[in-house]
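Below is one structure, written out as C-alpha cells, with a few remarks after it.
Number of protein chains: 2
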Amino acid sequence: MKRSIKEIAYLEETEELARFAKALGHPTRIKILNHLENQSCCFTGDLVEIIPLAQSTISQHLKELKVAGLIQGEVNPPKIKYCINQENWEKAKNLFSSFFGKEIIKSSCK
Amino acid sequence: MKRSIKEIAYLEETEELARFAKALGHPTRIKILNHLENQSCCFTGDLVEIIPLAQSTISQHLKELKVAGLIQGEVNPPKIKYCINQENWEKAKNLFSSFFGKEIIKSSCK
DNA sequence: TAAGTTCATCGCAAATGTACGATTAATAAT
DNA sequence: ATTATTAATCGTACATTTGCGATGAACTTA
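Protein chains in written order, with the working numbering: chain A, 242 to 351; chain B, 242 to 351.
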C-alpha cells in the first residue's frame with residue numbers, strides 16, 4: 242500500500258468492521274465458519290477432509306480467522322481444536338447488524 | 242490464484258456472502274457506504290472532499306462497490322449520483338444476519 | 001530412542017488489491 | 001468552437017493474498 246504520508250484516520254468502529262469483513266471475504270473461510278457454527282468445534286484435519294485444498298492452505302485460512310479474532314484454537318495433543326470466539330463473534334455480529342440496520346434515506350435524491 | 246484444476250464448488254450462498262464481505266473489507270468502502278446510508282446519495286466529488294485519497298482511488302473503490310452490487314450510479318450530468326442498491330443491500334443484510342444468526346453449539350467440545 | 005501423527009511455518013509463484021498521477025470522455029457553459 | 005467541470009480509465013509501482021509442496025515443531029506411542 243502506498244498511502245504515502247497521510248495514514249488515513251478512520252473511526253475505530255470502521256476499521257474493526259472492515260477487518261471482520263475482510264476475514265469473511267473468502268468462500269473457504271465462510272465454509273470453515275459455517276462448519277464451526279454447526280459442529281461447535283473441529284480439528285484442522287476435519288476441514289482438510291471437507292475442503293479440497295492443501296493442508297497448508299487451510300492452516301493459513303485458519304490463521305487469518307484466528308488473527309481476525311473470529312476463532313480460537315486450543316491444544317488438544319496431538320490435535321488442535323478450533324472453536325468460534327464467542328466474544329468477538331458477538332462483536333462482529335453487532336457491528337454488522339448496526340451497519341445494515343441503519344435506516345437508509347431513500348428520498349431526497351436529486 | 243493457483244487452484245490448479247479443481248475449481249472448488251462452494252454453495253452459491255457461500256460465494257455470495259464472501260463477495261459481499263470482500264467488498265466491505267476495506268475501511269474506505271465502509272466509510273463510503275456509511276456516508277450513503279446517511280446522505281442517501283452523493284457524488285464522487287463529495288467523497289473526494291471527505292476522504293483524503295486521490296480522486297482516481299476513490300473512483301476505483303466506487304467501482305468495486307458497484308461491481309459487488311452494493312451501490313448504483315446514475316448519470317446526472319456532469320456529475321454521477323451514487324446511491325445504495327436497495328435490492329442487493331437487502332440481500333446482503335439477509336445473508337449476514339442468517340450467517341450470524343445461527344445458534345452456535347457451545348457444548349460438546351471435547 | 002525411534003517412528004508416527006498432527007498441524008504450523010517457510011519459500012516460492014502467480015494473482016489481486018491499493019494507491020498515485022496522467023489522460024480521456026462526456027457534458028455544460030461561454 | 002473553446003473552455004471548464006466531473007469522473008472514469010490507463011499505466012505503473014508496490015503490497016497483500018492465495019495456493020502449493022517441503023520442512024519443522026510438538027507431542028504420542030511403540
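Just so you know, even glycine gets a beta-carbon here, dropped at the ideal spot from N, CA and C. Source: prediction; values computed, not measured.
- Look at the stretch 252 to 263 of chain A: the residues with a C-beta under 7 Å from a C-beta of chain B are T255, E256, L258, A259, A262 and K263.
- As the crow flies, the alpha-carbon of B/R270 is around 33 Å from that of A/Q280.
- By the Cβ-count criterion, B/E257 is buried, with 16 or more other Cβ atoms from all chains shown falling within 10 Å of its own Cβ.
- In this structure, B/P268 places its C-beta atom within 8 Å of the C-beta atom of A/Y251.
- In the structure shown, the three-state DSSP call for A/I325 is strand.
- Secondary structure of A/G314 (DSSP, three-state): strand.
- Non-local C-beta neighbours of B/E278 in its own chain, meaning closer than 8 Å and more than five positions away in sequence, comprise I325, ordered along the chain.
- DSSP places A/K343 outside both helix and strand once states are collapsed to three, so it counts as coil.
- When the beta-carbon positions are compared, B/A259 and A/L274 stay at least 8 Å from each other.
- B/G266 has a beta carbon lying within less than 8 Å of a beta carbon in chain A.
- In terms of Cα proximity to B/P319, the closest of B/E305, B/F284, B/I249 and B/S300 is B/F284.
- Only I292, P293 and L294 from the stretch 288 to 304 of chain A bring a Cβ to less than 9 Å from some Cβ of chain B.
- Contact between A/K332 and B/F341 does not hold, since their C-beta atoms are separated by about 11 Å, which reaches or exceeds 8 Å.
- Ranked by Cα distance from B/T255, the options A/H276, A/G314, A/L288 and A/F261 are led by A/H276.
- Across the structure, B/L306 and B/I312 are spaced so that their CA atoms are roughly 6 Å apart.
- Listed along chain A is no residue with a C-beta nearer than 7 Å to that of B/S339; the closest approach is about 11 Å.
- Closer than 8 Å to the CB of A/K272 there is at least one CB belonging to chain B.
- Between B/F261 and B/A309, the C-beta spacing is below 8 Å.
- Residues of chain A with a Cβ closer than 8 Å to the Cβ of B/I249 are, in chain order, P268, T269, I292, P293 and L294.
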